[in-house]
Amino acid sequence: MTDTAAAPAAPTPLTLDRLSELTAAVAEEVRQGLHEIRFDAENRWSVRLRADDYTDVWLISWTPDQSTRLHDHAGSLGALTVVAGELVERYWDAGLCERTLADGGGGRFPLGHVHDVVNAAAAPAVSVHAYSPPLTAMHYYEVSGDNALRRTGSILTSDPEPDVPTLDAVPTAGAGERR
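Residue numbers 1 to 179, in the UniProt record's numbering, belong to the letters of the sequence shown in order.
As structure tokens, this is what we get:
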């Protein structure tokens, strides 16, 4: 995993530990019924629960087979806690790796952490995510035939669930042709 002391410093006073504590605390609020959850079989549903100068906190629901694309959070650190269900994170660490994030578990995302999250289970899942500084952009990637990571596009967004129907509309300069 790329969550090491060698990771570059982020432009935020918050640490990955603090973001993990925050998502765990908000996940407990969700379990207590303090936040409404919705499910949408077509698209992942999300709502911003908190926002300030340093952090955005989001509640996201996942029906079976819903996933993100392989991405990073540009200049933001991130953390998530699974409130209910189970998610699979596929992440880049000199190759594509995979780990299961079960109910109550979570993940931490230093700068440059490239990952995809999917609900591979038969039941819906719910997670809480925090980003610091708040999201301003996301970069998208693919793994090439020679097992190299290649950026395919970037978007400006403050939403962890941006509506990006195709990355062909937002290519990164010099990214080359898409297959």
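Cβ coordinates follow ideal geometry from the N, Cα and C atoms, glycine included.
_Delimiting residues of the alpha helix (DSSP H) encompassing Val-26_ = 16 to 31
*Enumerated in chain order, which unbroken segments of the beta strand (DSSP E) with a length of 3 residues or greater are wholly contained in the stretch 44 to 107?*
45 to 51, 56 to 62, 77 to 84, 86 to 92 and 96 to 102
*If we count the other Cβ atoms within 10 Å of its Cβ and call it buried at 16 or more, is Gln-66 buried or exposed?*
buried
*Measure the C-alpha to C-alpha separation of Asp-72 and Gln-32 and round it to an integer number of angstroms.*
31 Å
_Per DSSP, the bridge partner or partners of Arg-150_ = Glu-142
*Based on the DSSP secondary-structure assignment, which residues constitute the bridge partners of Ile-155?*
Met-138
_Please classify Ala-79 as buried or exposed, where buried requires at least 16 other C-beta atoms within 10 Å of its C-beta._
buried
*asked:* Tell me which residue opens and which closes the beta strand (DSSP E) that Asp-116 is part of.
replied: 115 to 118
_Cβ shell of Glu-29 (< 7 Å), same chain only, five flanking positions each side left out_ = His-35
*Expressed to the nearest angstrom, what Euclidean distance is found between the alpha-carbon atoms of Asp-159 and Ser-61?*
Near 14 Å, if we compare the C-alpha coordinates of Ser-61 and Asp-159.
*Simplified DSSP assignment, three categories, for Glu-177*: Confidence in Glu-177 is poor, its pLDDT being 33 and thus under 50, which makes the residue's placement unreliable; the coordinate value appears in the next sentence. DSSP places Glu-177 in coil when its eight states are reduced to three.
_What does the Cβ neighbour count give for Glu-89, buried or exposed, with the cut at 16 atoms within 10 Å?_
buried
*asked:* Tell me the rounded alpha-carbon separation between Val-82 and Ala-102.
replied: Distance between the alpha carbons of Val-82 and Ala-102: 6 Å.
*Buried or exposed: where does Thr-68 fall if 16 or more other Cβ atoms within 10 Å of its Cβ makes it buried?*
It counts as buried.
*Rounded to a whole number of angstroms, what is the C-alpha to C-alpha distance between Ser-46 and Asp-17?*
23 Å
*Who are Ala-125's beta bridge partners in DSSP?*
Paired residues: Trp-62.
*asked:* Using only CA atoms, which one of Ser-20, Ala-84, Met-138 and Gly-75 lies nearest to Pro-64?
replied: Ala-84
*Cα-Cα, which of Leu-19, Glu-21 and Arg-44 is closest to Ala-125?*
Arg-44
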